[in-house]
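If you read the sequence shown in this note's numbering, its first letter stands for residue 12, the second for the next number, and so on.
Structure record follows, encoded as structure tokens.
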Amino acid sequence: MSAVAIVAHHERHEAVDLIHLAMKWLHEHGHEAWVHAEDAAALGVADVGAERGLAGADLVLSLGGDGTMLRTVRLLDGEPVPILGVKLGWLGYLTELEPPELTSGLERFFDGPAAGRWEVDDRLMLDVMLNGGRDGTWRALNEAVVEKQEPGHTVRLLAIIDGEPFTTYAADGLIVATPTGSTAYSLSARGPIVSPRHRAVLLTPVSPHMLFDRSLVLDPSETVDIEVLGHRQAELAVDGVHAATLSGGDTVRCEPSSATARFVRMTERHYHQILKAKFGLADR
């Protein structure tokens with residue numbers, strides 16, 4: 012018997028039918044299953060939920076889009092539990108299944124990786140530390156962003172790479188991204204798209220007020236520190252969620268985490284073909 016936890020998008024009420032379908036299939040096949048307590052309450056399915064989080068799960072079923080996948084990773088907090096994503100919504104870079112494939116996907120998962128029916132796609136994550144970890148630590152799958160708070164003003168940010176000052180940016184912000192995050196905020200700031208097969212860290216400025224406006228692609232062994240200069244406050248956001256308010260002298264460090272995000276893959280995924288489909292690119 013395996014234990015399966017379900018995380019679902021709170022505003023996708025089509026998730027309710029999928030929750031009941033998944034719970035029925037899992038119980039019929041002898042597995043323990045529950046819905047994350049917060050989601051069960053929000054979706055009105057407390058009768059199939061439990062007052063528990065994700066502890067003890069052998070698999071987490073994520074029902075939603077990429078935002079729900081990010082939240083699932085955040086809830087796992089570094090635990091090496093595989094995540095099987097079912098896409099509800101528009102974007103699905105990280106999800107694996109469409110809703111009609113749910114039960115067949117569960118069947119394939121429980122056949123086991125030894126049967127060659129699925130594999131784990133391990134994704135690089137970042138450890139993010141404020142002032143050496145004294146004022147907070149987080150993990151990021153996509154990115155950590157230090158950006159301005161006040162409209163109409165830039166913020167001055169000193170980028171330090173491997174302990175050596177690189178340059179001071181006058182910009183709306185700086186993004187430290189993983190290859191997974193290269194198609195998120197970093198992309199909208201004109202950063203490069205990097206295959207998640209690579210281990211790399213991206214440093215991308217947001218609307219810099221300077222001639223140097225290019226991203227850097229760094230080796231993951233190179234630590235990145237961002238120090239806030241001057242009197243204007245800044246904000247630290249991790250995977251799109253506010254983490255802390257920063258003042259002059261505060262320093263954010265980003266470095267590769269020992270933890271990875273573990274996604275279940277059941278089909279061979281060519282990254283360039285995923286990009287082609289998501290961006291609506293044509294052959295000619």
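From the three backbone atoms N, C-alpha and C, an ideal C-beta is built for every residue, glycine too.
Helix, strand or coil at G297 according to DSSP, with G and I counted as helix: Because the chain in this structure spans residues 12 to 295, residue 297 falls outside the shown range and cannot be described.
Classify W36 as helix, strand or coil using the three-state DSSP reduction. helix
Under 8 Å between the Cβ atoms of V205 and S193? yes
Quick check on L135: does DSSP put it in helix, strand or coil? strand
Cα-Cα, which of L222, E109, G202, L185 is closest to C265? L185
Taking the DSSP output, what are the residues bridged to S10? Nothing about residue 10 can be reported from this structure: the residues present for the chain run from 12 to 295 only.
Below 8 Å on the Cβ atoms is my contact criterion, and I expect I17 with H47 to pass it. Report the Cβ-Cβ distance as a whole number of Å. 7 Å
From V139, M136, F120, D138, residue whose alpha carbon lies closest to that of E130: F120
Quick check on F274: buried or exposed, where buried means 16 or more other Cβ atoms within 10 Å of its Cβ? buried
N- and C-terminal bounds of the alpha helix (DSSP H) containing L54: 48-54
Buried or exposed: where does W45 fall if 16 or more other Cβ atoms within 10 Å of its Cβ makes it buried? buried
Hey, out of T114, Y104, E154, whose CA is closest to V139's CA? E154
Under DSSP, the alpha helix (DSSP H) around I328 begins and ends at which residues? Residue 328 lies beyond the residue range present for the chain, which begins at 12 and ends at 295; the question has no answer from this structure.
Keeping to the same chain, check which residues put their C-beta closer than 7 Å to that of A245; ignore five residues upstream and five downstream. V157, E158, K159, Q160, V166, V239, L257
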